[in-house]
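The structure appears below as structure tokens.
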Amino acid sequence: MDFRWTEEQELLVQSLDELLARAAPESLMAELDEKHEFPHQPWQALADQGILSLGIPEEYGGTPADITTLTLVCETLGRRAFSLGIIYALGVITIRDIVQFGSDEIKERVLTGFVQGDPPVALGITEPQAGSDAAALKATADFDGDEVVLNGQKMYCTLAGQARYILLLTRDPQGANPYESISMWLLPTDAPGVRCNQIAKVGWWSIPSYEVYIENARIPKSSLVGQFNKGWPQLMANFEIERLALCAASLGAAQAAYDDAAAYANQRVQFGRPIGSYQAVQHMITDMAVHLENMRNFVYKVAWMMDQGLPVRHEHAMCKLYVARASCEVIDTAMQILGGLGYTMDHRIQRLWRDIRLMRIGGGTDEIMYNIAGPQLLKRAGK
Amino acid sequence: MNIIVCVKFTPDAGDIQVNSDGSISLERAEWGIGSFDLQAVEAGARLAEATGGKVMALSAGPRQINHSKLKKDLLSRGPDELYLVVDDALQDAGTAATARVLAGAIGKLGPFDLVLCGEGSADLYFQQVGLQLGEMLGLPTLNAIRKIETAADGLRVERDLDDEIEVLAVPMPAVLAVTTDVHEPRLPTMKEILKAGKKPVTEWTLADLGLSGGLAKHSAVVSIRAPHQVQRKNIRIEGSPEEAAQALVGYLNKEGLI
Amino acid sequence: MAEQREIWVFSEKPALLAELIAGAKTLGGRRVAAWVVGARSSAAQALTQGADRAAWLGDTGGERLVEDYVPTLAQQVQAGAPAVLLIGSTRRGRAVAGRLAARLDNTVLTDVLEFQSEGGDLLIRHMIFGGGAVRVEKALAQPVIATVGSGVFAPLPPAAAAQGEMVEVPFVEPEWRARLIERKPRPPAAVNLAAARKVICAGRGLARQEDLAMINELARALGAEVACTRPLAEGLNWLPRERYIGISGATIKPDLYFGVGVSGQAQHIIGMNRSKVVVALNKDSSAPIFQQADYGVVGDLYAILPALVQAIKARP
Chain D
1 MDFRWTEEQE
11 LLVQSLDELL
21 ARAAPESLMA
31 ELDEKHEFPH
41 QPWQALADQG
51 ILSLGIPEEY
61 GGTPADITTL
71 TLVCETLGRR
81 AFSLGIIYAL
91 GVITIRDIVQ
101 FGSDEIKERV
111 LTGFVQGDPP
121 VALGITEPQA
131 GSDAAALKAT
141 ADFDGDEVVL
151 NGQKMYCTLA
161 GQARYILLLT
171 RDPQGANPYE
181 SISMWLLPTD
191 APGVRCNQIA
201 KVGWWSIPSY
211 EVYIENARIP
221 KSSLVGQFNK
231 GWPQLMANFE
241 IERLALCAAS
251 LGAAQAAYDD
261 AAAYANQRVQ
271 FGRPIGSYQA
281 VQHMITDMAV
291 HLENMRNFVY
301 KVAWMMDQGL
311 PVRHEHAMCK
321 LYVARASCEV
331 IDTAMQILGG
341 LGYTMDHRIQ
351 RLWRDIRLMR
361 IGGGTDEIMY
371 NIAGPQLLKR
381 AGK
Chain G
384 MNIIVCVKFT
394 PDAGDIQVNS
404 DGSISLERAE
414 WGIGSFDLQA
424 VEAGARLAEA
434 TGGKVMALSA
444 GPRQINHSKL
454 KKDLLSRGPD
464 ELYLVVDDAL
474 QDAGTAATAR
484 VLAGAIGKLG
494 PFDLVLCGEG
504 SADLYFQQVG
514 LQLGEMLGLP
524 TLNAIRKIET
534 AADGLRVERD
544 LDDEIEVLAV
554 PMPAVLAVTT
564 DVHEPRLPTM
574 KEILKAGKKP
584 VTEWTLADLG
594 LSGGLAKHSA
604 VVSIRAPHQV
614 QRKNIRIEGS
624 PEEAAQALVG
634 YLNKEGLI
Chain F
642 MAEQREIWVF
652 SEKPALLAEL
662 IAGAKTLGGR
672 RVAAWVVGAR
682 SSAAQALTQG
692 ADRAAWLGDT
702 GGERLVEDYV
712 PTLAQQVQAG
722 APAVLLIGST
732 RRGRAVAGRL
742 AARLDNTVLT
752 DVLEFQSEGG
762 DLLIRHMIFG
772 GGAVRVEKAL
782 AQPVIATVGS
792 GVFAPLPPAA
802 AAQGEMVEVP
812 FVEPEWRARL
822 IERKPRPPAA
832 VNLAAARKVI
842 CAGRGLARQE
852 DLAMINELAR
862 ALGAEVACTR
872 PLAEGLNWLP
882 RERYIGISGA
892 TIKPDLYFGV
902 GVSGQAQHII
912 GMNRSKVVVA
922 LNKDSSAPIF
932 QQADYGVVGD
942 LYAILPALVQ
952 AIKARP
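Chains as they are written, first to last, in the working numbering: chain D, 1 to 383; chain G, 384 to 641; chain F, 642 to 957.
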């Protein structure tokens, strides 16, 4: 089994690492976080280096890339600038949905701009009464001649305030089966009738989330993405890769926290010795390293399986379940090792600690991951 | 313009290991493109892009340079083609011998307008090969070049000297050794990294260049050792910022520095 | 016959030429010939600085570059067969040395720090690996062509009267010339780091250019000059190049060197490790600079610098 990266992948990580050191240094990311500002300049730097072009068809300025390479990019972003990794991962599902299901006109409108540095398309799915139970969404789309009139209220719509478009999910209330009544629309955020209210969160300060109120917003009916009433299976098609991307970014963040903690353990002297010489800390460090090893193996195995065209229905859910929890644990333990310093706003661990917690909730909660994996596992065991 | 850029692949001098007896080892060092050569590559790439030509990268060295990742790294930064002279006899070749080999290789390349070199290699930094190479080729040769522009009658260059800047008109073909100011080297994009592996690479031995008779040796290395270290007090000052500041002020006072 | 072979020295900088003359005289009792490009009076001056004879190549007024004299020098070296040719290590000096060596099927031993005679052989010492190692080599070529930087040799006190002959050397037209369009003066260096007795050196531990204000304040409080590591001058352009200390920048020997946020890479250390007292402040306790420091503070420079300035100012 060859676990090595290809030379192209190594060179890419080297190049990206150097780019991030220049364009997204820790001091800048800390500042943007404290000011609750979207990282416009670093995001543009990623665009200028061609990082945003990965996985997008060449006719829109894209660069073909396999999922393993994409995963590597997410991990590297997560390690150097976690918020950039999250933003990138959030865009994976919406951009891929557009690539796979969008009309030529929609692709032209969205993809060229994204490759050149537009923020990702926001995903408008969750509503006050529809979180894990996403199919309970109530937003509606009514045909009126050549236009469609949209109404509804979306919740936790991340980056709606920065994005040019929201990929909006609506449901036909008359449909017998909710999973066959959902449709996907490309809604410009500056359309009349669209109003965003920012939500204050514990973390993800550079990655704002919004309540979005949509009142009789009109879009041409050609803004339908894919097929009418086929929105749910379309959405499901790219949930797996989005979760994988979030896992990769989380892995990167956990690695960064570990690096900080290990360096500190070697350096912080108490009772006349570096704290890393005490067994308690050595045990913590080892547990963290074991988690990192497991996370890395799991993430890249799922990526490999997807590149091979193998189904990852329960594997990806197990991966997200494990990585979300393990990265929270690694980062929390890192804070413990850093002690008082880790709890101050001067050190980045507080930002990682606040930001990582959402991974167990967003992109599919731990509980939903159990719901996906559990029955699948038993079905396989029952054969 | 067709441009030849000479590049040296070197072990990373930061990975140097000092043994207890003071001897040096670079065995565990990773090889990479010389940091001063990256600017030359960038200057060549930009000139070729501006004038519609091609960049031929050229390097000579022992077998360690014939590494797939090194070649791709270089080819992802602008060159269109790569030529390598690989021969272990080049392991500790002096600057004159290296220049002779590069001149021989250049003789086998097609027509060119410009040869670019970095100011010096990343490991030895003798700042000689570009100058010696140009003279061996019988071409106009200048070092300390910080700016290159095309002009009607050749090239317009700025030469960064200790006390002044010379602005010169240089006929082509010419050989120029460039400073680090000439251009910030680009970071390879994903597209370029993926294309790198498909660009043509030509490999020669010294015999291919008619140099199998051996390389001239103008000096013999007697020893390479870590420099003598001044023994320092290594006193650590700890405590809160105020405590550390007070302690340091105390020491500076004792040393008669304030 | 061999004992009658001379040592020739060349530099377009009169001060460096004087150093080379003095150095040449330490190399085994040979006659020293100074080769001069510039004003004729510089050639006469060389005779008061210890040269046994002086050869004036010509001036570089108008359009002649120093490098235009390479064919002239080559012809003279072939005819005169010196044992050693020392060339001042400046950018121009290196260009002359390299091109000359190639014409003579020879090479250049660069930036020599020390010459040693062993038996009948000449050994030289110079730095490699960015200051990480010292290499000793035995010169095999004839003549031995070497470049020597300023500060290796000290010039002799000038003699009251010039002794020795001066000749004018006929110019050999070079095969090609770069046409001089303009000479742009460089603004004179705002700082002379080599002369500063105390130096505060800023490194990459500083997050922003604005943070240099703290460094400046400390420098003022201590009566020190401000310097930096190479990335701050060449990459970030926060400070002019004259202020960076390192193997390709300035080399200093002050009474106090205080590195703030400096990690201590070999290339930088080599520029300051002859300082009398070294103080280092860095948040990373494994930074290599601490091995080179007399006094090391591991901590946050943003907290410690203000406290230090206050402590200094608070002294009676």
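Ideal placement from N, C-alpha and C gives every residue a C-beta, glycine not left out.
Quantities reported herein were computed from a predicted structural model and do not represent experimental measurements.
Could you check whether residue j and residue i sit closer than 8 Å to each other, using their CB atoms as the reference points?
i	j	result
residue 74(D)	residue 91(D)	no
residue 699(F)	residue 652(F)	no
residue 832(F)	residue 697(F)	no
residue 670(F)	residue 797(F)	no
residue 121(D)	residue 94(D)	yes
residue 860(F)	residue 841(F)	yes
residue 363(D)	residue 320(D)	yes
residue 285(D)	residue 262(D)	yes
residue 184(D)	residue 167(D)	yes
residue 418(G)	residue 505(G)	yes
residue 12(D)	residue 576(G)	yes
In angstroms, rounded to a whole number, what distance separates the CA positions of residue i and residue j?
i	j	result
residue 421(G)	residue 451(G)	18 Å
residue 818(F)	residue 946(F)	54 Å
residue 642(F)	residue 648(F)	Residue confidence for residue 642(F) is low, a pLDDT of 44 falling below 50, so the modelled location carries little weight and cannot support an answer.
residue 723(F)	residue 784(F)	6 Å
residue 358(D)	residue 928(F)	36 Å
residue 384(D)	residue 309(D)	Any answer about residue 384(D) is impossible in this case: the structure gives chain D only from 1 up to 383.
residue 496(G)	residue 522(G)	11 Å
residue 907(F)	residue 770(F)	9 Å
residue 268(D)	residue 658(F)	53 Å
residue 753(F)	residue 602(G)	13 Å
residue 440(G)	residue 53(D)	28 Å
residue 397(G)	residue 872(F)	16 Å
residue 542(G)	residue 636(G)	46 Å
residue 512(G)	residue 903(F)	32 Å
residue 433(G)	residue 385(G)	11 Å
residue 666(F)	residue 607(G)	27 Å
Report the three-state DSSP secondary structure of residue i (helix, strand or coil).
i	result
residue 817(F)	coil
residue 753(F)	coil
residue 642(F)	At residue 642(F), the pLDDT of 44 sits below 50, so the modelled position is not reliable; the number obtained from the coordinates is stated separately. The answer is coil: DSSP assigns residue 642(F) none of H, G, I, E or B.
residue 96(D)	helix
residue 768(F)	strand
residue 563(G)	coil
residue 14(D)	helix
residue 547(G)	strand
residue 653(F)	coil
residue 342(D)	helix
So if DSSP puts residue i in a beta bridge, which residue, or which two residues, is it bridged to?
i	result
residue 213(D)	153(D) and 195(D)
residue 885(F)	869(F)
residue 389(G)	441(G)
residue 776(F)	607(G) and 767(F)
residue 127(D)	130(D)
residue 144(D)	147(D)
residue 370(D)	Looking at the DSSP assignment, residue 370(D) forms no beta bridge with any residue, so it has no partner.
residue 695(F)	675(F) and 807(F)
residue 333(D)	Answer by DSSP bridge pairing: none, since residue 333(D) is not bridged.
residue 170(D)	183(D)
Would you please verify whether the beta carbon of residue i is less than 8 Å from any beta carbon of chain B?
i	result
residue 849(F)	Reference to chain B is not applicable here, since the protein chains of this structure are D, G and F.
Please specify which runs of the beta strand (DSSP E), each continuous and at least 3 residues long, are wholly inside the region 460-544 of chain G, giving them in chain order. Taking only runs of at least 3 residues, the beta strand (DSSP E) segments lying wholly in the region 460-544 of chain G are 464-469, 497-501, 524-534 and 537-543.
Go through the region 893-954 of chain F residue by residue and report every complete run of the alpha helix (DSSP H) that reaches 4 residues or more, in order. 907-910 and 942-954
Restricting to runs no shorter than 3 residues, where is the beta strand (DSSP E) found entirely within the region 841-875 of chain F? Whole beta strand (DSSP E) segments, 3+ residues: 866-869.
What runs of the beta strand (DSSP E), each 3 residues or longer, lie entirely inside the region 211-287 of chain D? none
Taking only runs that begin and end inside the region 573-612 of chain G, name each unbroken alpha helix (DSSP H) of 4 or more residues, in chain order. 573-579
Residue ranges of each alpha helix (DSSP H) within the region 21-66 of chain D, 4 or longer: 26-34 and 40-48
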